[in-house]
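For what it's worth, the numbering used here labels the leading residue of the sequence shown as 14, then goes sequentially. Here's the structure, in structure tokens; my notes come after.
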Amino acid sequence: MELGRRERKKQQTRQAISDVATTLFLERGFDAVTVVEVARAADVAVQTVFNHFPAKEDLFFDEPGWWAGPARAIREAPPAADPVDVLEAQYLKETRDRLAVGHLATWKQFVRTIDDSAALKARRRLNADQLEVTLTEALDERSPDHLRNRLVAALYAAAQKVLEERLMAVLPDDASSVELDQAQAALEQAIAQVFAVLRRGLA
């Protein structure tokens with residue numbers, strides 16, 4: 014359904030604030046930048062920032078796909094679909110989307126910014142915990158085997174962590190477009206390998 018003019022304007026404002034905040038955070042570090050500075054750089058009121066992002070950490074983790082996407086993918090999949098296949102496809106889609114919009118180029122800087130901030134590391138752990146909870150709930154809606162569902166969710170979270178570590182290892186600093194494509198190819202190879210191991214473990 015096509016968005017109305019008012020809703021499009023809200024989304025454009027939100028994206029503009031997010032883009033400004035991300036640039037400042039990556040340049041100076043999360044803790045060194047205030048919400049007031051973000052608002053000033055985005056040419057909006059501080060309250061406008063908080064209307065779109067309830068907490069400062071939300072300005073940094075502004076794309077919920079990594080955390081909310083797996084549960085959504087499970088709920089939208091056909092009843093007969095294998096959950097591991099669904100989760101692999103979802104993870105692969107997220108990585109390709111990240112490459113397409115240019116986020117892979119700043120991925121290492123993004124991760125280092127998290128590592129330099131206690132607040133961001135705490136939020137990332139919270140997000141990861143929430144991923145397991147929501148994914149388990151989505152799996153429980155498809156199957157009554159709660160213990161297995163809980164295990165699948167935990168293994169998916171672990172797989173995500175392993176694959177992000179792999180990406181940090183294969184992605185050069187200041188990578189060219191060719192190197193970005195090569196890093197993506199290496200990551201996709203690792204994705205296939207990790208999910209194959211996950212399937213064998215759950216067989």
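Glycine included, every Cβ here is placed at the ideal spot set by N, Cα and C. Quick caveat: nothing in here was measured; it's all calculated off a predicted structure.
Label G82 either buried or exposed according to how many other C-beta atoms from any shown protein chain fall within 10 Å of its C-beta, with 16 as the threshold for buried. The count along the sequence shown starts at 1 and reaches residue 82 at position 69. Result: buried.
With the cut-off set at 8 angstroms, would you say I87 and V99 are in Cβ contact? In the sequence shown, residue 87 corresponds to position 74, counting from 1. In the sequence shown, residue 99 corresponds to position 86, counting from 1. Taking 8 angstroms as the Cβ cut-off, I87 and V99 qualify as a contacting pair.
Sequence-distant residues of its chain with Cβ nearer than 6 angstroms to V183 (five each side left out): Counting from one through the sequence shown, the residue named residue 183 turns up at place 170. Contacts found: A196, A199.
Proximity to K134 [Cα-Cα], best of V57, Q28, F74, A52: The residue labelled residue 134 in the question sits at position 121 within the sequence shown. Closest by alpha carbon: F74.
Going by beta-carbon coordinates alone, are I30 and V51 separated by less than 8 angstroms? Reading the sequence shown from its first residue, position 17 is the one you call residue 30. Reading the sequence shown from its first residue, position 38 is the one you call residue 51. Against a cut-off of 8 angstroms, the Cβ pair of V51 and I30 comes out as a contact.
Rounded straight-line distance, which links the Cα of E89 to that of A205: Your numbering for residue 205 matches position 192 in the sequence shown. Your numbering for residue 89 matches position 76 in the sequence shown. Rounded to the nearest angstrom, the two C-alpha atoms are 22 angstroms apart.
Same chain, Cβ closer than 7 angstroms to A170, neighbours up to 5 away in sequence not counted: As a working mapping, residue 170 is identified with position 157 in the sequence shown. Answer for A170: A141, L144, E145, listed in chain order.
Rounded to whole angstroms, what is the Cα-Cα separation between S156 and L168? Here residue 156 refers to the residue found at position 143 when the sequence shown is read from its first residue. Here residue 168 refers to the residue found at position 155 when the sequence shown is read from its first residue. S156 and L168: Cα-Cα distance of roughly 17 angstroms.
N- and C-terminal bounds of the alpha helix (DSSP H) containing T36: The residue labelled residue 36 in the question sits at position 23 within the sequence shown. It spans 18 to 41 - the alpha helix (DSSP H) in which T36 sits, taken as one unbroken run.
Quick one, are the C-beta atoms of F208 and A166 less than 8 angstroms apart? Here residue 208 refers to the residue found at position 195 of the sequence shown. Here residue 166 refers to the residue found at position 153 of the sequence shown. It is not a contact, given that the beta carbons lie outside the stated cut-off.
Environment of E101 [buried if 16+ CB atoms lie within 10 Å]: The residue labelled residue 101 in the question sits at position 88 within the sequence shown. The residue in question, E101, is buried, as its Cβ has 16 or more Cβ neighbours within 10 Å.
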